[in-house]
Structure formats: structure tokens, C-alpha cells
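Structure record follows, encoded as C-alpha cells.
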Amino acid sequence: QTYRPRVATAEPRRNSVGVQIGKVTVGGGAPVVVQSMTNTDTEDAAGTAKQIAELARAGSEMVRITVNTPAAAAAVPRIRERLDMMGVDVPIVGDFHYNGHQLLEAEPACAEALGKYRINPGNVGFGKKKDSHFAAIIEAAIRYGKPVRIGANWGSLDQTMVARLMDENGSRSDPWDAGAVAREALIRSALESAAKAEEIGLARDRIILSCKVSGVQELIAVYRDIAGRCDYALHLGLTEAGMGSKGITASSAALGVLLQEGIGDTIRISLTPEPGQPRTGEVQVAQELLQTMGLRAFTPLVTACPGCGRTTSEFFQELAKTVQGHVRAKMPEWRVKYDGVENMTLAVMGCIVNGPGESKHANIGISLPGNGEAPAAPVFIDGEKKMTLRGDNIANEFVQILENYVETRYTS
Ligand code: SF4
Numbered sequence: 007q008t009y010r011p012r013v014a015t016a017e018p019r020r021n022s023v024g025v026q027i028g029k030v031t032v033g034g035g036a037p038v039v040v041q042s043m044t045n046t047d048t049e050d051a052a053g054t055a056k057q058i059a060e061l062a063r064a065g066s067e068m069v070r071i072t073v074n075t076p077a078a079a080a081a082v083p084r085i086r087e088r089l090d091m092m093g094v095d096v097p098i099v100g101d102f103h104y105n106g107h108q109l110l111e112a113e114p115a116c117a118e119a120l121g122k123y124r125i126n127p128g129n130v131g132f133g134k135k136k137d138s139h140f141a142a143i144i145e146a147a148i149r150y151g152k153p154v155r156i157g158a159n160w161g162s163l164d165q166t167m168v169a170r171l172m173d174e175n176g177s178r179s180d181p182w183d184a185g186a187v188a189r190e191a192l193i194r195s196a197l198e199s200a201a202k203a204e205e206i207g208l209a210r211d212r213i214i215l216s217c218k219v220s221g222v223q224e225l226i227a228v229y230r231d232i233a234g235r236c237d238y239a240l241h242l243g244l245t246e247a248g249m250g251s252k253g254i255t256a257s258s259a260a261l262g263v264l265l266q267e268g269i270g271d272t273i274r275i276s277l278t279p280e281p282g283q284p285r286t287g288e289v290q291v292a293q294e295l296l297q298t299m300g301l302r303a304f305t306p307l308v309t310a311c312p313g314c315g316r317t318t319s320e321f322f323q324e325l326a327k328t329v330q331g332h333v334r335a336k337m338p339e340w341r342v343k344y345d346g347v348e349n350m351t352l353a354v355m356g357c358i359v360n361g362p363g364e365s366k367h368a369n370i371g372i373s374l375p376g377n378g379e380a381p382a383a384p385v386f387i388d389g390e391k392k393m394t395l396r397g398d399n400i401a402n403e404f405v406q407i408l409e410n411y412v413e414t415r416y417t418s
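Number 418 marks the last residue of the sequence shown (UniProt numbering); no jumps.
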């Protein structure tokens, strides 16, 4: 058999119906959208608007806020006004649980100011009230021309659906295990709610679905399944992913597999921020996940070797940190220039072993001298050695080379 190298790209995107949320398109072949959520009390309009603006500046293209009380609903139009005054046009998504039908009815200005409503079929209401509460929210969405995310969640499964599936399962010759019943309950909850929303009159291009769970393998199984059963746009996210490296690793593992298979139109990385860490960390992880997979290009990616005994100089680590810090500080200015253009890489390498080679693969690369090597740092631009830096000012000179490259290549 002839060996055929695989093409180094993700699989083609799953076909989905595009949904417009303000200026942002989710699905329908649009780039995968990054979104996040605030953790402020929505009743605090100033604090919430400030955090939304921070998340938007970090690159969040939609920001969700909880709308849980009449005072929170009343604050939403004031939050929108504050954002407009700051020149932040990011769509706000209202997250409703239990009382969404009442809040949308009582606060028309809230219903109008939001870019999208998110509802959870597991808690829009119970028994007979469930249908009327659900219908009231969908009717509000139709009245105000807003899309809706129907977001089922493992932690708040629709118990009527679970009971129905358990009954069905009892009569199967090959009964499912409890995990399979829960996955099917999540999926059917989302799909049947979407069908009901369409019956009420919400257009297909106003519906996004999600089925969030907290386990990596369960999330992959659920989304592979639902992706093949509908063409609604899909919001991906691992719920309750956790803190720090655990949360990042689990989210990246789950979302990476699905995105590679072309599944997912918008993502949220749900991280619990560590004390003192900014909320914007989850936006950075989402962007880096999409960019390292070659799905979007936000800003130059820095490739740095890990360092080893061949380069004991702290200068090497400092330079990698300086370059990475500079690139992040340039957001969102550079993001605007880069998005959808191409993936640009910068290599910061510690010695001659892999330094020149890796630098040639990058748009701009620098190979610092390792122990015992001549004190010179060759710089490669678009694969060619263009200059050699020496002395104490290498970091500043390299950053200037980077600035010049961006200006000449992306701003004309
Ligand atoms: Fe070590 Fe040089 Fe490889 Fe960096 S490039 S890890 S310094 S051998």
C-alpha cells in the first residue's frame, strides 16, 4: 500500500445554519466565534459593563451575563448604554433560568438590549407550566427579533425527559447504561425544544444549541451524536472545567477533538479564575486553542524552545517572555489586523541545535547563542537570515523588527 501523508488541517467544518447576533455570525461557515461570561452581579451595571468591556478588548466576540432578578433585568439596558458610550459594540447574551419568561415580559428594554437569549430546557418551568414558560420566552425572541441558545446542561437535566427515557430504556432488548440515558436525555432535550421553538414560529436561523457536560469523553460523545442529528449551529463548552491547568487541559482536550472533526460554531472555555487572575484568561485560552489548531488567526503565535542545559542564560527566557508580552499587549490592535489573514509565527530559540531550523519555519525567528557559541543572534525573516543582533539591546531590537514587519505587511 502506498503511504499517503495526511493533510495537516482540521476536517471540513460541519454544515450548520448561520445565526446572526448583532454584528457576529455563528455557524453557516463563519469563523468559530469566541465567547465568555461575566462573574459580576448584573445589578451592578457599572461593574458589569466594565468587565464586559475588558472581555471584549481581550477578544471575546460575545459576552454572556446572568439575568436572574428584576433588578438585573432592569440593569441590562443601562449596561448596554454604558458599553455604547465606551464604543464597545459586543453583543450581550442574557442567561435565563427559572424566571426568564417573567423578566422578558416585565422588562421590554432588557429584551431589546440583549443580542441573544440563552435558556436551559431543564429549568424553564415544570409540568404544564414548562410549555407556557418556554413559549413565552420564544415569543419574546420572535417579537424582539433575537436568536436563542437552547442550552441543555448535565447538571440540570430535564427530569421529565429523563423519566421518559428510563421508561423507554426498560423495554429495550439492549438497555443503555445510565451515562447513555443521560446523554440521550441531553440531546433530545435540546432537539425537541428546538423543534418546539420552530413550531411556535422562531426561524431556524435564530436557534443555536448546546449540550454541556463536565467530562471530556462524555462531551465528545454527546457532540458527535448531536452534530449528526441536526444542522443547528452548535455552541461548544465543557461545563465546570475547573481551575488553572486542569481546566485548560480538559477544555482543550475535549474541544480540540470536536473542532478537529469540524464540529462547533462558537466556543466558551469555562475556567474558574484563580484568585488574583483576570477573568480574561479564558478568552486568551479560547483564542490560543483556535489559533494553534489553525482555525483562526488572532495575533502572532510565539514558538519558544523549552530551553535545556545548552542554554543556561536567563536572557533566553526573558526574551521569550518579552516577545510574548509584547504580542499580548498589542491586542486588540493586532488582532484586527490578523484575524482571518493568516497564522503568523515568531520563534525564540535557545541555541544552534534547533534555533536556525525553527526560525526559518517562522515568519520571524531569532536563534540566541547557547553555551560556548559565538555571542551572536541571527534573525530570520520569511525563511531567510536577514541580520545578526549582538550586545545588550537584543530584546528591544527584535521587538522593533517585529513591529516593522507587522506594519509593512498588514497595514497597507
Ligand atoms: Fe536546548 Fe537548543 Fe533545543 Fe532550545 S534549541 S531546547 S536550547 S537544544
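Every residue, glycine too, gets a C-beta built ideally from N, C-alpha and C.
Of the listed residues E390, Q266, M299 and G371, nearest to T309 (C-alpha basis)
The shortest C-alpha separation from T309 is found at G371.
Please report the distance separating the alpha-carbon of R19 from that of L240.
Looking at the two C-alpha atoms, the distance is approximately 12 angstroms.
For A303, which of helix, strand or coil comes out of DSSP?
The three-state reading of DSSP puts A303 in coil, since its state is none of H, G, I, E or B.
In this structure, how does DSSP classify N159 when only helix, strand and coil are distinguished?
In the structure shown, N159 sits in a strand (DSSP, three-state: E or B).
Touch test, the segment 378 to 392 against the segment 357 to 368, Cβ-Cβ under 8 angstroms, three pairs minimum
Three or more beta-carbon pairs drawn from the segment 378 to 392 and the segment 357 to 368 are found closer than 8 angstroms, and the two stretches are therefore classed as touching.
Same chain, Cβ closer than 6 angstroms to I254, five either side skipped, listed in chain order:
Once the five neighbours on either side are set aside, the close Cβ partners of I254 are V291.
T317 Cβ short of 8 angstroms to ligand 1 heavy atom set
It does: the Cβ of T317 is within 8 angstroms (strictly closer) of some heavy atom of ligand 1.
How should T8 be labelled, buried or exposed, when 16 other C-beta atoms within 10 angstroms of its C-beta is the threshold for buried?
Per the 10 Å Cβ criterion, exposed.
Is G376 near ligand 1, with its Cβ less than 8 angstroms from a heavy atom?
At least one heavy atom of ligand 1 lies less than 8 angstroms from the C-beta of G376.
Would the beta-carbon of L265 fall within 9 angstroms of that of L244?
Result no, Cβ atoms of L265 and L244 do not sit closer than 9 angstroms.
What's the call for T286, buried or exposed, on a 16-neighbour Cβ count within 10 Å?
So T286 ends up on the buried side.
Restricting to runs no shorter than 4 residues, where is the alpha helix (DSSP H) found entirely within the segment 222 to 299?
Secondary structure remark: continuous alpha helix (DSSP H) runs of at least 4 residues inside the segment 222 to 299, in chain order: 222 to 235, 250 to 266 and 287 to 298.
For L242 and A147, which I take to be in contact (beta-carbon distance under 8 angstroms), what is that distance rounded to the nearest angstrom?
Contact between L242 and A147 is ruled out by a C-beta separation of about 22 angstroms, above the 8 angstroms threshold.
Between the beta-carbon of D231 and the beta-carbon of G24, is there less than 9 angstroms?
Pairing D231 with G24 gives a Cβ-Cβ distance that is not under 9 angstroms.
Which whole-angstrom value describes the C-beta separation of P381 and S373, a residue pair presumed to lie in contact below a C-beta threshold of 8 angstroms?
In fact, because the Cβ distance is near 12 angstroms, the residues do not count as touching under 8 angstroms.
For K29, the three-state DSSP class (helix, strand or coil)
Three-state result, K29: coil.
Taking only three categories from DSSP, how would you classify Y411?
It is helical.
Among I275, R155 and N159, nearest to Q41 - alpha-carbon criterion
The shortest CA-to-CA distance from Q41 to any of I275, R155 and N159 is the one to I275.
Distance, Cα to Cα, T305 vs E409?
Taking the straight line joining both Cα atoms gives about 12 angstroms.
Across which residues does DSSP place F102 in a beta bridge pair?
Per DSSP, the beta-bridge partners of F102 are I125.
Who are the near neighbours of T351 in its chain, counting only those whose CB is closer than 7 angstroms to its CB and skipping five residues on each side?
Only P306, L307, T309, A368 and N369 meet the Cβ criterion.
Which residues in the same chain as H107 place their Cβ atom closer than 6 angstroms to its Cβ, once the five residues preceding and following it in sequence are excluded?
Same-chain partners within the cutoff: H139, A142 and I143.
Could you give the distance in angstroms between the alpha-carbon of V222 and the alpha-carbon of A186?
Taking the straight line joining both Cα atoms gives about 15 angstroms.
In this structure, does DSSP put T394 in helix, strand or coil?
Strand at T394.
Just to confirm, does F386 get its C-beta within under 8 angstroms of one of the non-hydrogen atoms of ligand 1?
F386 Cβ: outside cutoff for every heavy atom of ligand 1.
Per-residue DSSP class, three states only, for T328
T328 falls in the helix class under three-state DSSP.
Proximity winner among L325, S216, K56 and E246, relative to R272 (alpha-carbon distances):
Residue identity differs from the one stated: residue 272 is Thr in this sequence, not Arg. The shortest Cα separation from T272 among L325, S216, K56 and E246 belongs to S216.
I'd like the span of the alpha helix (DSSP H) that includes P362, first residue to last.
For P362, the uninterrupted alpha helix (DSSP H) run begins and ends at G361 to H367, by DSSP.
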